[in-house]
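Enquirer:
In the working numbering, the protein residues as written are 323 to 1071.
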């Protein structure tokens, strides 16, 4: 009903407030107020107390008008959040919700083992983790696959409601479409034996929510803000690339995995596919008021930029220890979100850098077109800032997925950037594009679809590693390959048979680096707690452990003897005697994390790459820096020496592979072709064949002497973190997908 086409007079609004005792509200006025933001503000100003609004909302709820307006349901939801006595599941249909009985777990089938709460299909229920607006979450044991999972079950009270089932199925489709390190994985969708009660089988995250961490710790250190912010925005970018808007991004929906330290987005139960236009709009505003965007609070159409506002609110709380908008009631919070700017985060925490304060303010812009273009852009800037301290986690930031609205904004911003660069417009007029331009400044940007010649397929794929692989190392004879897995194990592969020989459990946490001594007798592994384990490869036993000067990120045995170079996240680079466990030399110069180390083949020189945008060449005998390689515009992640020691190659955040003269440190050229971060580089054992890998999943081959591109090796489906050549020229590459691929590229002089 839309009979009221003009704004009603003040008297009509007052009558609406005063007549909540009348059986039927003034439907035309109710309908108009639901659609008119101006009248909504007038009504709330006329209400001299919050209780009058509550009474009106409760009264209108008895005969809710058939409307697409989100205003009245939003107020209802806000009041339910404020008053526990009013809390219930709001289902936008006329289907009544039956009251709960008992503990609400009567739908579980009895388990054969009394230690479990019950059973769902072949899943034994260990415990109830929590309850949400749409269902219950359990920890369970999968009897078929022998793994622990999380089950999200549609609330049985809603199982007979068609809208609820549709919404739950949308969640399944939305979440299952997203595959990313920083989004909780959905493995499958199941139903109970009677086919009526659906549930999701999901990845179980051991850890805590960001909400719990903030409640305990308050504002977070800058590095934690950058890490969590980067990972959250990267997860959002992956969701947006699939056309999914989260709609309820908040600290309680960001899980912090205690085993890997990663942030993971969860609960896409309020998400809706942008393309899914067949579902009737109910006008119900889903989301949490503290982190809700203005357009969401007003019931307006949403695109991906609504999530960016929520991201800004989360960053604000991490930086200050409190949400950006606070009020005595949820309704007061909604009014602040729509009407008032947030206080500067820096006014509450002067320690945060100005650029972060500006980013947060931009994300919290009231108008979507004044926010950053995309979550991917935000992630890229945070990655750049974080790379100055440590190597950025291997997040996959997808190509920007846009609705029509976002695409229009992008075109406008591209034009604004051009004007800013050519006409020198005032900074205040181009805040948005100044930021976007800064994100891209200095990066080696190849064509949108760089041409490449594809080389031969992999000789073999070694599957069965139980997680992402961060480091690979051949034994000197090339017969065995070590893979350092994120779960703390090292798997030993028989290269000829293409099968594992053994699995070494060397640590409880991640194994970031592994290296084999030149005589093939020892294996060294490095870990987050600073421990370096030395394993005797004859007995597969740890024979020595020593503590480095910080969390270990990289290590490498020297070309002769049992000396191992160890680089840490705290900037320490030291030589250790693997036989005695004693530190023999320190190299001082890097500011921040050391991402990779490499020896020249004669052992006289040590190279190191760092998050401080530099690579350094050291004299091993004296411990002095010989030269500093400057040219990368972000963190340097890989370094390698050519077989004749004449060239050094580096790769990093700026997508570039750079070639240097080893003796003088003079830059020889830049190899362009990667479309994302370069994570590792390696020279072949003879000549000047160079391989590089990274986030774009390609294995790029180069003639480093003549600065030429060679055929690209393709086949990986995830970020490639590491690579190495055997002494006979076999190339091994591995990464996020947990597989090793073996290649035999042609060597060049």
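Note that the Cβ used here is the ideal one computed from N, Cα and C, for glycine as well.
What residue from 529, 827, 552, 1047 has the CA that sits closest to residue 504's CA?
Expert: As a position in the chain shown, residue 504 is number 182, starting the count at 1. That would be 552, whose Cα lies nearest to the Cα of residue 504.
Enquirer: Excluding five sequence neighbours on each side, which residues of the same chain lie with their C-beta closer than 6 Å to the C-beta of residue 962?
Expert: Locating residue 962 in the chain shown gives position 640, counting from the first residue. The residues are 920, 971, 1003, 1004, 1005.
Enquirer: Whole angstroms are fine: how far does the CA of residue 784 sit from the CA of residue 674?
Expert: Counting from one through the chain shown, the residue named residue 674 turns up at place 352. Counting from one through the chain shown, the residue named residue 784 turns up at place 462. One C-alpha to the other measures close to 45 Å.
Enquirer: Note the first and the last residue of the continuous alpha helix (DSSP H) segment covering residue 657.
Expert: Numbered from 1 along the chain shown, position 335 holds the residue referred to as residue 657. It spans 652 to 661 - the alpha helix (DSSP H) in which residue 657 sits, taken as one unbroken run.
Enquirer: If you run the structure through DSSP and keep just helix, strand and coil, what is residue 845?
Expert: As a first step, residue 845 is located in the chain shown; it is residue number 523 there, counting from the start. Three-state result, residue 845: strand.
Enquirer: Helix, strand or coil for residue 636 per DSSP?
Expert: As a first step, residue 636 is located in the chain shown; it is residue number 314 there, counting from the start. Correct three-state label for residue 636: helix.
Enquirer: Would you tell me roughly how many angstroms separate the C-alpha atoms of residue 870 and residue 564, rounded to the nearest one?
Expert: Indexing the chain shown from 1 puts residue 870 at position 548. Indexing the chain shown from 1 puts residue 564 at position 242. Using only the alpha carbons, I get a separation of about 43 Å.
Enquirer: Quick one: Cα of residue 952 to Cα of residue 644, how far?
Expert: The count along the chain shown starts at 1 and reaches residue 952 at position 630. The count along the chain shown starts at 1 and reaches residue 644 at position 322. Cα to Cα, the separation comes out at about 40 Å.
Enquirer: What are the start and end residues of the alpha helix (DSSP H) that includes residue 554?
Expert: As a working mapping, residue 554 is identified with position 232 in the chain shown. First-last of the alpha helix (DSSP H) with residue 554: 544 to 563.
Enquirer: Does residue 995 come within less than 8 Å of chain E when only Cβ atoms are used?
Expert: This model lacks chain E altogether, as it is built from one protein chain only.
Enquirer: Residues in the same chain with beta-carbon distance under 8 Å from residue 1059, minus the five sequence neighbours each way, listed in chain order, please.
Expert: Counting from 1 along the chain shown, the entry for residue 1059 is found at position 737. If we look at residue 1059 and ignore the five residues flanking it on each side, its Cβ neighbours are 790, 1038, 1039, 1040.
Enquirer: Can we say the stretch 892 to 907 touches the stretch 853 to 868, given the rule of at least three CB pairs closer than 8 Å?
Expert: yes
Enquirer: Would you kindly report the start and end of the unbroken alpha helix (DSSP H) that includes residue 682?
Expert: Looking up residue 682 in the chain shown gives position 360. Per DSSP, residue 682 belongs to the alpha helix (DSSP H) from 676 to 685.
Enquirer: Check whether the stretch 574 to 594 and the stretch 520 to 538 are in contact - that is, three or more C-beta pairs closer than 8 Å.
Expert: yes
Enquirer: List the residues that DSSP assigns as beta-bridge partners of residue 802.
Expert: Taking the chain shown and counting its residues from 1, the one referred to as residue 802 is at position 480. Residue 802 is bridged to 816.
Enquirer: Is the Cβ-Cβ distance between residue 892 and residue 872 less than 8 Å?
Expert: The count along the chain shown starts at 1 and reaches residue 892 at position 570. The count along the chain shown starts at 1 and reaches residue 872 at position 550. Judged by their CB atoms, residue 892 and residue 872 are nearer to each other than the 8 Å cut-off.
Enquirer: For residue 466, which three-state DSSP category applies?
Expert: Reading the chain shown from its first residue, position 144 is the one you call residue 466. Coil, per DSSP.
Enquirer: Which residues in the same chain have their Cβ closer than 7 Å to the Cβ of residue 693, if we skip the five residues on either side of it in sequence?
Expert: Numbered from its first residue, the chain shown carries residue 693 at position 371. Answer for residue 693: 627, 630, 631, 684, 685, 687, listed in chain order.
Enquirer: Which residues share a DSSP beta bridge with residue 1014?
Expert: On the chain shown, residue 1014 is found 692 positions in, with the first residue counted as 1. 1003, 1022.
Enquirer: What does residue 1056 pair with, by DSSP beta-bridge criteria?
Expert: If you number the chain shown from 1, residue 1056 lands on position 734. Partner(s): 1044, 1062.
Enquirer: I need the boundaries of the beta strand (DSSP E) containing residue 616, first residue and last residue.
Expert: Counted from its first residue, the chain shown places residue 616 at position 294. Element bounds for residue 616: not the beta strand (DSSP E) but the alpha helix (DSSP H), 616 to 619.
Enquirer: Kindly indicate which three-state DSSP category residue 944 falls into: helix, strand or coil?
Expert: Position 622 of the chain shown, counted from the first residue, corresponds to residue 944. Looking at residue 944 - three-state DSSP - the assignment turns out to be coil, as it is neither helix nor strand.
Enquirer: Exposed or buried, what is residue 1062 when buried is set at 16 or more other beta-carbons lying within 10 Å of its beta-carbon?
Expert: In the chain shown, residue 1062 corresponds to position 740, counting from 1. By the neighbour-count rule (16 or more Cβ atoms within 10 Å), residue 1062 is buried.
Enquirer: Is it true that the CB of residue 886 sits closer than 8 Å to the CB of residue 849?
Expert: As a first step, residue 849 is located in the chain shown; it is residue number 527 there, counting from the start. As a first step, residue 886 is located in the chain shown; it is residue number 564 there, counting from the start. For residue 849 and residue 886, no; Cβs fall outside 8 Å.
Enquirer: Using a threshold of 8 Å, state whether the C-beta atoms of residue 532 and residue 475 are closer than that.
Expert: Counting from 1 along the chain shown, the entry for residue 532 is found at position 210. Counting from 1 along the chain shown, the entry for residue 475 is found at position 153. It is not a contact, given that the beta carbons lie outside the stated cut-off.
Enquirer: Would you please state the rounded distance, in angstroms, between the beta carbons of residue 969 and residue 1013? I believe it to be under 8 Å.
Expert: Looking up residue 969 in the chain shown gives position 647. Looking up residue 1013 in the chain shown gives position 691. Their Cβ separation, rounded to whole angstroms, is 14 Å, which puts residue 969 and residue 1013 out of contact at 8 Å.
Enquirer: Who are the near neighbours of residue 432 in its chain, counting only those whose CB is closer than 7 Å to its CB and skipping five residues on each side?
Expert: Counting from one through the chain shown, the residue named residue 432 turns up at place 110. For residue 432, where only same-chain residues beyond five positions count, the Cβ hits under 7 Å are 440, 441.
Enquirer: If you run the structure through DSSP and keep just helix, strand and coil, what is residue 809?
Expert: Your numbering for residue 809 matches position 487 in the chain shown. Here DSSP, grouped into helix, strand and coil, assigns residue 809 to coil.
Enquirer: In terms of alpha-carbon separation, which member of 840, 547, 1052 lies closest to residue 880?
Expert: The residue you call residue 880 lines up with position 558 of the chain shown. Nearest of 840, 547, 1052 to residue 880, Cα basis: 840.
Enquirer: Hey, could you find the ends of the beta strand (DSSP E) residue 919 is sitting in?
Expert: Taking the first residue of the chain shown as position 1, residue 919 is located at position 597. DSSP places residue 919 in the uninterrupted beta strand (DSSP E) bounded by 916 to 921.
Enquirer: Tell me residue 291's beta-bridge partners as DSSP assigns them.
Expert: With the chain running from 323 to 1071 in the structure shown, residue 291 is simply not present.
Enquirer: Quick one: give me the first and last residue of the alpha helix (DSSP H) that residue 703 is part of.
Expert: Along the chain shown, read from residue 1 onward, the residue named residue 703 stands at position 381. That run of the alpha helix (DSSP H) goes 697 to 708.
Enquirer: Assign residue 894 to buried or exposed, taking buried as 16 or more other Cβ atoms, counted over all protein chains shown, within 10 Å of its Cβ.
Expert: For the purposes of this step, residue 894 is identified with residue 572 of the chain shown, where counting begins at 1. By the 10 Å Cβ count, residue 894 comes out buried.
Enquirer: Let me know if residue 1055 comes out buried or exposed under the rule of 16 or more other beta-carbons within 10 Å of its beta-carbon.
Expert: As a working note, residue 1055 is residue 733 in the chain shown. Buried, because 16 or more other Cβ atoms sit within 10 Å of the Cβ of residue 1055.
Enquirer: Alpha carbon to alpha carbon, how far is residue 652 from residue 617? Give it in angstroms, no decimals.
Expert: Taking the chain shown and counting its residues from 1, one reaches residue 617 at position 295. Taking the chain shown and counting its residues from 1, one reaches residue 652 at position 330. Cα to Cα, residue 617 sits roughly 16 Å from residue 652.
Enquirer: Report buried or exposed for residue 568, applying the criterion of at least 16 other Cβ atoms within 10 angstroms of its Cβ.
Expert: On the chain shown, residue 568 is found 246 positions in, with the first residue counted as 1. Counting Cβ neighbours within 10 Å, residue 568 comes out buried, since at least 16 surround it.
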